[in-house]
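First comes the structure, then the notes that go with it.
Protein chains: 2
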Amino acid sequence: MATALDSNFYAIIPAGGVGSRLWPLSRADEPKFLHDLAGTGNSLLVDTWNRLTPIAGNNIVVVCGVAHKATVTEELPQLNAVDLILEPSPKDSTAAIALAAAVLVRRNPDAIIGSFAADHVIADDRRFGNAVREAIATALAGYIVTIGIRPTEPSTAFGYIETGAALAIDGAPHARSVSKFVEKPKLDVAIDYVDGDRHLWNAGMFIARASVLLDELRTHRPDVAEPVEAIADAWDSPERDETVARLWPTIPKVAIDYAIAEPAAEAGKLAVIPGEFHWDDIGDFAALARLHNHGRANVLVTLGENTRVLNEGASGLVVSQTSRLISVVGVKDIVIVDTPDALLVTNSTNAQRVKSIVESIRAMGADDVL
Amino acid sequence: MATALDSNFYAIIPAGGVGSRLWPLSRADEPKFLHDLAGTGNSLLVDTWNRLTPIAGNNIVVVCGVAHKATVTEELPQLNAVDLILEPSPKDSTAAIALAAAVLVRRNPDAIIGSFAADHVIADDRRFGNAVREAIATALAGYIVTIGIRPTEPSTAFGYIETGAALAIDGAPHARSVSKFVEKPKLDVAIDYVDGDRHLWNAGMFIARASVLLDELRTHRPDVAEPVEAIADAWDSPERDETVARLWPTIPKVAIDYAIAEPAAEAGKLAVIPGEFHWDDIGDFAALARLHNHGRANVLVTLGENTRVLNEGASGLVVSQTSRLISVVGVKDIVIVDTPDALLVTNSTNAQRVKSIVESIRAMGADDVL
Numbered sequence: 001m002a003t004a005l006d007s008n009f010y011a012i013i014p015a016g017g018v019g020s021r022l023w024p025l026s027r028a029d030e031p032k033f034l035h036d037l038a039g040t041g042n043s044l045l046v047d048t049w050n051r052l053t054p055i056a057g058n059n060i061v062v063v064c065g066v067a068h069k070a071t072v073t074e075e076l077p078q079l080n081a082v083d084l085i086l087e088p089s090p091k092d093s094t095a096a097i098a099l100a101a102a103v104l105v106r107r108n109p110d111a112i113i114g115s116f117a118a119d120h121v122i123a124d125d126r127r128f129g130n131a132v133r134e135a136i137a138t139a140l141a142g143y144i145v146t147i148g149i150r151p152t153e154p155s156t157a158f159g160y161i162e163t164g165a166a167l168a169i170d171g172a173p174h175a176r177s178v179s180k181f182v183e184k185p186k187l188d189v190a191i192d193y194v195d196g197d198r199h200l201w202n203a204g205m206f207i208a209r210a211s212v213l214l215d216e217l218r219t220h221r222p223d224v225a226e227p228v229e230a231i232a233d234a235w236d237s238p239e240r241d242e243t244v245a246r247l248w249p250t251i252p253k254v255a256i257d258y259a260i261a262e263p264a265a266e267a268g269k270l271a272v273i274p275g276e277f278h279w280d281d282i283g284d285f286a287a288l289a290r291l292h293n294h295g296r297a298n299v300l301v302t303l304g305e306n307t308r309v310l311n312e313g314a315s316g317l318v319v320s321q322t323s324r325l326i327s328v329v330g331v332k333d334i335v336i337v338d339t340p341d342a343l344l345v346t347n348s349t350n351a352q353r354v355k356s357i358v359e360s361i362r363a364m365g366a367d368d369v370l
Numbered sequence: 371m372a373t374a375l376d377s378n379f380y381a382i383i384p385a386g387g388v389g390s391r392l393w394p395l396s397r398a399d400e401p402k403f404l405h406d407l408a409g410t411g412n413s414l415l416v417d418t419w420n421r422l423t424p425i426a427g428n429n430i431v432v433v434c435g436v437a438h439k440a441t442v443t444e445e446l447p448q449l450n451a452v453d454l455i456l457e458p459s460p461k462d463s464t465a466a467i468a469l470a471a472a473v474l475v476r477r478n479p480d481a482i483i484g485s486f487a488a489d490h491v492i493a494d495d496r497r498f499g500n501a502v503r504e505a506i507a508t509a510l511a512g513y514i515v516t517i518g519i520r521p522t523e524p525s526t527a528f529g530y531i532e533t534g535a536a537l538a539i540d541g542a543p544h545a546r547s548v549s550k551f552v553e554k555p556k557l558d559v560a561i562d563y564v565d566g567d568r569h570l571w572n573a574g575m576f577i578a579r580a581s582v583l584l585d586e587l588r589t590h591r592p593d594v595a596e597p598v599e600a601i602a603d604a605w606d607s608p609e610r611d612e613t614v615a616r617l618w619p620t621i622p623k624v625a626i627d628y629a630i631a632e633p634a635a636e637a638g639k640l641a642v643i644p645g646e647f648h649w650d651d652i653g654d655f656a657a658l659a660r661l662h663n664h665g666r667a668n669v670l671v672t673l674g675e676n677t678r679v680l681n682e683g684a685s686g687l688v689v690s691q692t693s694r695l696i697s698v699v700g701v702k703d704i705v706i707v708d709t710p711d712a713l714l715v716t717n718s719t720n721a722q723r724v725k726s727i728v729e730s731i732r733a734m735g736a737d738d739v740l
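Chains as they are written, first to last, in my numbering: chain A, 1 to 370; chain B, 371 to 740.
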């Protein structure tokens, strides 16, 4: 191991987000993080937990919606009740992470937190662990730290982090400052990024002293910080429920990238550790197909427990949650998702458009299949 | 009407053939002719019956497999038991039509028969009727007569009839001799056929005096004619079942095109009436899509009673026999056939390959979905 375990380190797993682009596999009551998308035999949530225990031990806090309490505790029987933070309603990543940080800093003023989404795929746990350890060392030096993934292709589906100067931090030889965050680019820009070797994918992983993170939030978004701190004050007390019920609805929805990371980068307070491991947020079915075809674009990937698929010259992805016989004839790059009450047929090129189908379904009032 | 109804005319409707290329819509126990593919509200079988009654009155005989007796009589409650000929096993079109002709000629030696498949679509019943009346007049002059469809495009899915000299037949101003039958051609050949104006589509409709048809069969295929005649001798007697059981299995399987029409054409005994109406045998899902998109290649045709389809920029065909929500995103020219136990996804280009899927399913022993 690169550095010893820091007992002040706490991993936060925000388990939010339905994964609309993965409908009809992902549903409101069975979101993306509950599915075994990586083919490990475990849900992405359990994979995330298992990836973090070598680094954080039992110091793992899960933040999820009240609707998913039962399934999350079923997936993670080892999770202590005190380490499960339930959101009454979704308020995006800033509220989830800040509340966890605020609760933890009250339990341990030296807490260092690291936030890792419940529904991402990482292939190399050892390299991931090394990056997190460098990030912890950098956080101890006072930075807010992100882990940016070394791009393997000019993806237009991810945001990018532009790296700046190397930082001289003990235990973090690869730490650099962050010049700025860049939104999902056009292809030609993405190609320049990959060629230029200064840009990393923004994987949404943030590591910081809890107190530093909350100070930044208070500076840039007091409208989020104030109710979050007030809720945290009441969290480990009999006033929790009343305070949550009163203040949670007032919290603005904002992603942590906008609320904290971007202003911190501008202020020179953001550092980045390059992650030299395979990472994917499996944002749509095209990404899911790529994850499983191992670069062979001409195969038909089939996922599902009782999958009966007959392939006659087709390629792409079949996800089956039924026992129906699925015959796929001649179509290339197809995406078929077969569930008991809903069927999706699209292809890789159009995989991002699935989100708008979900909006159409909501508009037509067919919420039973969402 | 072009000519008065000839009371010696009998329509034969061979209701055979599963329609493998329309799997999983067509099944062994629910073949193509039982489906409402034309969107008329009736099965193709009932459409065929309704098209023939203005010409043949009650003189309509249906030939079908024993397995379909119940469904056929349910579809056609007006069909007299004496006019339903049940095949113990499928023996292709020659046996079916010849047996019906042989039974009918024993009941009426002057019988003229006309054979019309149970699972074709015809758009203009009046023009169809006119062609049949000309065919009857030509059959009365001693010819075996086919109705050939004027091609509207250089189809490579149909066989063609090369027409010869005009025949001078009373009541059949458009009758011509047939030079020869041509198998499904390559596209460049088909283009020449359409440009040349001498070729018609072979729609498998045959009209002849029953005695003439059976004489031809006896000449060219005595191996079919002999058992068929022997069965017909016993048909309206107590010996029917025993004779059928003994002789039917010995009958060779052969299409009437090969057994009778081609040799009759060579012998100058075949005539053709050009059919100036829209006809389609709906041989595959591409044909079914074309039938319903009315030339608008960019629409998504949806067929099915409780169809719930959400279309986001897709085109092609969705056939739904379930109440599932089907979302189709961005894929062009797609074919989706959704049934309770089997799903097919292909596209128009590959629609003909569905037949081989059915063979694969049989090979893998999944006969439950055939």
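Heads up, the beta-carbon is just placed ideally off N, CA and C, and yes, glycines get one too.
Counted as a single uninterrupted DSSP element, the beta strand (DSSP E) harbouring LEU344 (chain A) occupies residues 342-347. If the five residues before and after ARG476 (chain B) are omitted, its C-beta is found closer than 8 Å to the C-beta atoms of ALA602, ASP603, TRP605, ASP606, all from its own chain and listed in chain order. Rounded to the nearest whole angstrom, the CA to CA distance from TYR628 (chain B) to SER348 (chain A) is 47 Å. Excluding its 5 nearest sequence neighbours in each direction, ALA684 (chain B) has C-beta neighbours in its own chain below 8 Å: LEU670, VAL698, VAL699, GLY700, VAL701, LYS702, ILE704, listed in chain order. THR346 (chain A) counts as buried, since at least 16 other C-beta atoms from the protein chains shown sit within 10 angstroms of its C-beta. Short of 6 Å from the beta carbon of LEU422 (chain B), and not among the five residues preceding or following it, lie these beta carbons of its own chain, in chain order: ALA381, ILE430. Chain order gives no chain A residues near ASP654 (chain B), where near means a beta carbon separation below 9 Å; the closest approach is about 11 Å. The beta-carbon distance between ILE643 (chain B) and ALA501 (chain B), rounded to whole angstroms, is 5 Å. This is short enough to meet the 8 Å contact definition. The Cβ atoms of LEU270 (chain A) and ILE144 (chain A) lie closer than 8 Å to each other. Taken through DSSP and simplified to helix, strand or coil, THR443 (chain B) comes out as helix. Contact between ALA385 (chain B) and VAL433 (chain B) holds: CB atoms are separated by about 7 Å, below the 8 Å threshold. For ALA267 (chain A), the closest alpha carbon among the candidates A:THR152, A:SER115, A:VAL178 is that of A:VAL178. As DSSP reads the structure, PRO394 (chain B) sits in no beta bridge. Within the DSSP secondary-structure output, LEU454 (chain B) pairs in a beta bridge with B:VAL432. Proximity of THR719 (chain B) to chain A, defined by a Cβ-Cβ separation below 8 Å, is satisfied. ILE112 (chain A) sits in a strand when the DSSP states are folded into three classes.
For ASP338 (chain A), at least one C-beta of chain B is nearer than 8 Å to its own C-beta. Per DSSP, VAL331 (chain A) lies in no alpha helix (DSSP H) and is assigned neither H nor E.
Residue environment for ASP280 (chain A): buried (at least 16 other C-beta atoms within 10 angstroms of its C-beta). At a beta-carbon threshold of 9 Å, none of the residues of chain A lie near ILE561 (chain B); the nearest stands roughly 24 Å away. Secondary structure of ILE652 (chain B) (DSSP, three-state): coil. Around the Cβ of LEU187 (chain A), a 10 Å sphere holds fewer than 16 other Cβ atoms; the residue is exposed. Counted as a single uninterrupted DSSP element, the alpha helix (DSSP H) harbouring SER581 (chain B) occupies residues 580-590. One Cα belongs to LEU713 (chain B), the other to ARG678 (chain B), and the distance between them is close to 15 Å. In this chain, the alpha helix (DSSP H) harbouring ILE55 (chain A) covers 44-56.
Residue-level contact by beta carbon fails for GLU632 (chain B) and chain A, as no gap is shorter than 8 Å. At a cut-off of 8 Å, the C-beta of GLY700 (chain B) has a neighbouring C-beta in chain A. Taking 4 residues as the shortest admissible run, the segment 564-638 of chain B contains the following complete alpha helix (DSSP H) segments, listed from N- to C-terminal end: 580-590, 592-605, 610-617, 632-636.
Excluding the 5 residues flanking it on each side, ASN478 (chain B) has same chain C-beta neighbours closer than 7 Å at ASN378, in chain order. Proximity of ILE492 (chain B) to chain A, defined by a Cβ-Cβ separation below 8 Å, is not satisfied. Burial state of GLN78 (chain A) is exposed, judged by a 10 Å Cβ sphere holding fewer than 16 other Cβ atoms.
For VAL388 (chain B), there are no C-beta contacts with chain A under 8 Å, since the nearest C-beta of that chain is about 16 Å from it. CA-to-CA, the gap between LYS550 (chain B) and ALA600 (chain B) works out to about 31 Å.
Here the alpha carbons of ARG694 (chain B) and ARG732 (chain B) stand approximately 27 Å from one another.
Under the three-state reduction of DSSP output, SER360 (chain A) falls in the helix class.
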